[in-house]
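Those letters in the sequence shown? Residues 10 to 259, by the numbering used here. No residue lacks a Cβ here, since even glycine has one placed at the ideal position from N, Cα and C.
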Amino acid sequence: SPVRLQAGVELLQAGKIEEAITRLKEAAEQDPKSVEARYFLGVAFSQNGMWDEALEAYGKTIQLQPNHAEAHVGRGVAFGGKGRLDEAITAYKEALKLKPDYPEAHEFLGDVYARKGLHDEAVAAFQKAIETRPNYPEAYNALGLAYSGKGQLIDAILSFRKAVSLAPTYPEAFNNLGQAYRKHGLLDDAVSAFKTAVEQEPRYAAAYNNLGLMFSEAGLFEQAISAYLNALTHSPTYPEAYAGLGVAYA
Numbered sequence: 010s011p012v013r014l015q016a017g018v019e020l021l022q023a024g025k026i027e028e029a030i031t032r033l034k035e036a037a038e039q040d041p042k043s044v045e046a047r048y049f050l051g052v053a054f055s056q057n058g059m060w061d062e063a064l065e066a067y068g069k070t071i072q073l074q075p076n077h078a079e080a081h082v083g084r085g086v087a088f089g090g091k092g093r094l095d096e097a098i099t100a101y102k103e104a105l106k107l108k109p110d111y112p113e114a115h116e117f118l119g120d121v122y123a124r125k126g127l128h129d130e131a132v133a134a135f136q137k138a139i140e141t142r143p144n145y146p147e148a149y150n151a152l153g154l155a156y157s158g159k160g161q162l163i164d165a166i167l168s169f170r171k172a173v174s175l176a177p178t179y180p181e182a183f184n185n186l187g188q189a190y191r192k193h194g195l196l197d198d199a200v201s202a203f204k205t206a207v208e209q210e211p212r213y214a215a216a217y218n219n220l221g222l223m224f225s226e227a228g229l230f231e232q233a234i235s236a237y238l239n240a241l242t243h244s245p246t247y248p249e250a251y252a253g254l255g256v257a258y259a
């Protein structure tokens, strides 16, 4: 029923996934031809990491409406969650056949290429995502990582800088920018980027660890120790931070 469907979608948006699944299942049982009930059920299962159930719900969505590009993307996400990367690529390509200017489909396709170590294909996919949505900070961040993977550090730095100019509060992109600066030998810029990352996300253990590494390499061991201890406060089983701490204390 439309009431159950709407209730399910509202619960999903509120992050109440279990309750959303119950409502959306009821909606799908009451109206087996409801494309929306199946699709949002797929979204809810996916958000819960229930990949097999998500694949089934998206599959039924596509049976009811074969040109449902979003359901093909949903299948891609679920296949990716299961580590079935080639099937994820096929699903994203299906979505893009139906809707060539679908920025998320291009970005998610790039993410899978990156997971497979196919950096050239990843770069091309992220560039398509940005062509279809010029203000897309996540795609610029992902593009930066792909360029880093190819060893194109200047391109990586420019991509991360674009990401943080579009989304000034983006700790992951600042951390990635710091790593690219560090590899490029721009140490002051790297420290500044890592510091911004931990200001924006005070529990960001990886950025504290990177800061510790930078300080340690610069011979600033007290600051390095402080950064590593911060990393371990937020991630008590962080092997790199323990290793770094050992070096800094030595």
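- Inclusion of V44 and H77 in the CB contact set at 8 Å is warranted, their separation being smaller than that value.
- Every alpha helix (DSSP H) stretch that sits fully inside the stretch 210-259 and reaches 4 residues is listed by chain position as 214-226, 230-243 and 248-258.
- At the C-beta level, F49 and V18 come within 8 Å of one another.
- Judged by beta-carbon spacing, T70 lies within the 8 Å limit of R47, meaning their Cβ atoms are closer than that value.
- Using a Cβ distance threshold of 8 Å, A148 and A138 count as a contacting pair.
- When only Cα atoms are considered, V256 and L118 end up about 40 Å apart.
- By the 16-neighbour rule on beta-carbons within 10 angstroms, V52 is buried.
- Around K192, the same chain offers L162 as residues with beta carbons nearer than 6 Å, after the five sequence neighbours per side are excluded.
- Between D40 and the set L21, I166, F183 and P11, the nearest pair of CA atoms involves P11.
- Taking C-beta atoms under 8 Å as the contact rule, A151 and F169 fail to qualify, at a distance of about 10 Å.
- Burial check for P109: the Cβ neighbour count within 10 Å stays below 16, so the residue is exposed.
- In the structure shown, P146 falls within a helical segment according to DSSP collapsed to helix, strand and coil.
- The C-beta distance from Y122 to A114 rounds to 13 Å, too long to meet the 8 Å contact threshold.
- Secondary structure in the stretch 151-193: no beta strand (DSSP E) run of 3 residues or longer lies completely within the stretch.
- The three-state reading of DSSP puts L195 in coil, since its state is none of H, G, I, E or B.
- Annotation: S43 is outside any alpha helix (DSSP H) and is labelled neither H nor E by DSSP.
- Its Cα nearest to that of A100, the residue L64 stands out among L64, H128, D129 and A37.
- For Y101, the three-state secondary structure derived from DSSP is helix.
- In the structure shown, Q56 falls within a helical segment according to DSSP collapsed to helix, strand and coil.
- When P248, R212, V200 and E208 are compared, the shortest CA-CA separation from L229 is found for V200.
- Between the C-alpha atoms of S235 and S244 there is a straight-line separation of about 14 Å.
- About 6 Å separates the beta carbon of P112 from that of Y145, a gap short enough to meet the 8 Å contact definition.
- With fewer than 16 other Cβ atoms from the protein chains shown falling within 10 Å of its own Cβ, A259 counts as exposed.
- Between N185 and G153, the gap from beta carbon to beta carbon is short of 8 Å.
- The three-state reading of DSSP puts L73 in helix, counting H, G and I together.
- Note that the C-beta distance between N218 and G253 is below 8 Å.
- Relative to G90, the option among W60, E96 and I98 whose CA is nearest is W60.
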